[in-house]
Structure formats: structure tokens, C-alpha cells
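Residues in the sequence shown are numbered from 546 upward in steps of one, following my numbering.
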Amino acid sequence: MKKIVFAASLLVTQQMVAQQGDPKLTEVWSPVPKIVTPGKICSAAPSDALVLFGGKNLDQWESVRDTTKAAGWDVADGIMTVNKNAGNIQTRKKFLDYQLHLEYRIPLGITGSGQGRGNSGVFLASTGAGDAGYEIQILDNYNNETYVNGQAASVYKQYPPLVNACKKPGEWQAYDIIWTAPRFNEDGSLKSPARVTAFHNGILVQNNVELKGPTLYIGKPSYKSHGASSIKLQAHGDDSKPISFKNIWLREL
Ligand code: MG
């Protein structure tokens with residue numbers, strides 16, 4: 546019994562340490578990216594792509610909480626929908642550099658505001674459990690204000706998108722992302738930082754930006770050595786309706 550109490554209080558203490566500091570200190574609110582209305586999105590997987598989700602099953606994915614378990618998100622009618630109780634999911638396969646295509650849909654009737662409105666995300670390389678990794682934000686920012694380095698298509702808390710290319714809730718939207726993983730020396734020091742180029746609904750939103758380290762909600766990021774990594778999708782803890790994904794494919798570079 547004592548052991549359980551000790552373990553529980555240790556967990557609380559660890560959580561308190563992790564929560565220390567003010568997340569507002571790393572929010573940026575201006576300039577606000579201008580709104581651009583996207584055209585039609587092109588989505589078909591090319592012949593050399595690895596299909597990560599083709600509409601039938603989650604065979605390429607696993608639970609982040611327990612990597613021995615299948616990803617517990619819901620698959621129906623060719624799309625997958627976040628199951629918030631099941632938590633984040635990640636690819637079974639690990640990658641270094643790649644081109645990634647994915648489509649997502651904020652549900653009609655989405656509620657909430659700021660960061661609590663259709664929040665999800667794609668972690669381009671997972672660096673651990675939970676939300677550890679390099680996140681490109683997914684959020685409904687069609688008429689929804691938040692800090693600009695946390696809006697849709699931002700490299701969360703590092704780079705706002707060049708423009709706001711969000712479509713309306715209920716419409717399918719696409720990310721096309723080119724990811725260059727960071728490289729590390731044998732002693733663990735940084736050899737070259739991660740870089741990302743991203744298109745949101747076909748419009749350039751991140752132009753070969755250099756990442757400062759994995760995403761942090763609080764505080765300043767910094768690198769820690771890692772190799773090839775899973776791609777992770779976020780089941781965010783807000784109480785707005787869960788979003789859906791389809792047509793996810795990747796080309797290793
Ligand atoms: Mg997110």
C-alpha cells in the first residue's frame with residue numbers, strides 16, 4: 546500500500562515539475578498570417594509510395610501508450626477517426642527523411658475555441674511517449690483565433706504558417722510535408738538540425754525551416770540525440786468532436 550502511495554505521489558510530483566512555467570511565455574500573437582483560399586487538392590498516392598492508411602485498416606499503426614497493441618482509432622467508410630480514449634497512435638515503421646501526404650477533416654458542428662477546437666497534430670518524428678516529438682499543428686483556424694505559432698500548419702511554438710490556408714469544417718484538407726530528420730554526432734551532440742517544408746491544401750506554409758528541437762508546450766526546445774522515428778498522430782485532450790483522417794502515404798527520401 547505504502548509503495549502505491551509513494552508511486553502516486555512521485556507521479557504527481559513529476560507532473561508538477563513537467564507543468565512548471567508559463568505556457569504563455571512561448572505564445573506569439575502577431576503578425577497574423579493572411580488568409581488564402583486554397584484550390585482543389587491533389588491526393589492520389591504515386592507508384593513508389595508506402596501507403597500508411599488506405600481506408601481499410603490500421604495495420605501500419607500502433608498505440609503509443611502500449612506499442613504491443615494495435616492503434617485503437619475507429620475505421621469506417623474509408624476514413625479513420627480519432628478515438629480520444631485510445632490516445633495517440635504512431636507508425637510501426639520508423640523513418641528518417643521522407644515526403645508525407647495526409648488528409649484530415651474537421652467535423653461539421655465543431656465546437657470550442659482557441660486550441661480547443663479540432664486540435665490534433667502530426668508529429669514528424671516521435672521522440673517518446675505522449676506528445677514528445679516535432680509537431681505540425683492540426684486545428685480548426687477557419688474563423689478561430691489563437692496564438693499564430695500554434696495555429697493550423699504551424700511548427701508548434703516554433704514557426705507560424707506563412708499563410709492561413711484552412712478550409713471550412715466538413716471539408717477535406719491536405720498536408721504535404723517534406724521532412725529532413727536531425728542528425729547527431731556519436732557523442733550525442735547535434736550534427737544538423739531537422740528541416741521541414743510543408744504545403745497546406747497545396748499552398749506553401751513552411752519553407753525549409755530549421756527546427757530548434759522537438760516541440761515543447763512550455764519553455765524553449767533543445768535537441769536530444771535520436772535515430773529513425775515513428776510518425777505520430779495526436780489524440781488531443783480537448784472536448785471538441787474528434788477529427789478524421791484519410792489517404793496517408795509516404796515516400797522515403
Ligand atoms: Mg496539436
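Each residue gets a CB set at the ideal place from its N, CA and C atoms; glycine is no exception.
As the structure is a prediction and not an experimental result, all values here were calculated from the model.
Secondary structure at residue i, three-state DSSP: helix, strand or coil?
i	result
V693	helix
A631	helix
H781	coil
T760	coil
L603	coil
K791	strand
T582	coil
H749	Here residue 749 turns out to be Leu, not His, going by the sequence shown. Looking at L749 - three-state DSSP - the assignment turns out to be strand.
L653	coil
A552	For A552, the predicted structure reports a pLDDT of 43, less than 50, and the residue's modelled location is therefore unreliable. A value from the coordinates is still provided. Three-state result, A552: helix.
K569	helix
I776	coil
Q619	In the sequence on display, residue 619 carries Asp and not Gln. Strand at D619.
K547	For K547, the predicted structure reports a pLDDT of 42, less than 50, and the residue's modelled location is therefore unreliable. The matter cannot be settled from this model.
V577	coil
N817	Past the boundaries of the shown model lies residue 817; the chain is included only from 546 to 798, so the question cannot be answered.
V799	As shown, the chain starts at 546 and ends at 798. That puts residue 799 outside it, with no answer to give.
Looking at the secondary structure, which residues open and close the beta strand (DSSP E) in which residue i lies?
i	result
I667	Note on identity: in this sequence residue 667 is Val, with Ile being the wrong assignment. Run containing V667: S665 to S671, per the beta strand (DSSP E) assignment.
W724	W717 to T725
G678	G678 to I683
K786	Run containing K786: none; DSSP gives neither H nor E here.
Q644	Y643 to R650
R740	R740 to H745
S737	L735 to S737
T626	I624 to T626
V596	L595 to F598
Among residues of its own chain, excluding the 5 on either side of residue i, which ones have a beta-carbon nearer than 6 Å to its beta-carbon?
i	result
I586	A719, N746 and G747
K547	The pLDDT assigned to K547 is 42, lower than 50, so where the model puts this residue is not dependable; a value taken from the coordinates is nonetheless given after this. If we look at K547 and ignore the five residues flanking it on each side, it has no Cβ neighbours.
N792	S588 and E648
What does a CB cutoff of less than 7 Å around residue i pick up in its chain, not counting 5 residues either side in sequence?
i	result
D619	M625, T626 and N628
My assumption, with CB atoms under 8 Å, is that residue i sits in contact with residue j. Please give the rounded CB distance.
i	j	result
I683	A697	6 Å
D685	I651	4 Å
K777	Q635	4 Å
V754	A674	Actually they do not touch by this definition, with Cβ atoms about 26 Å apart.
S775	K639	6 Å
Please return the same chain residues whose Cβ sits closer than 8 Å to the Cβ of residue i, not counting the five positions on each side in sequence.
i	result
D721	Q644, L645, H646, A743, F744 and G747
F551	Low confidence applies here, because F551 scores a pLDDT of 42, under 50, leaving its location unreliable and the question unanswered by this model.
K614	E607 and S608
N689	S658, G659 and R662
What residues does the ligand MG have around it, judged by CB closer than 7 Å to any heavy atom, in chain order? N664, S665, G666, E680, Q682, I683, L684, Y701, Q779 and H781
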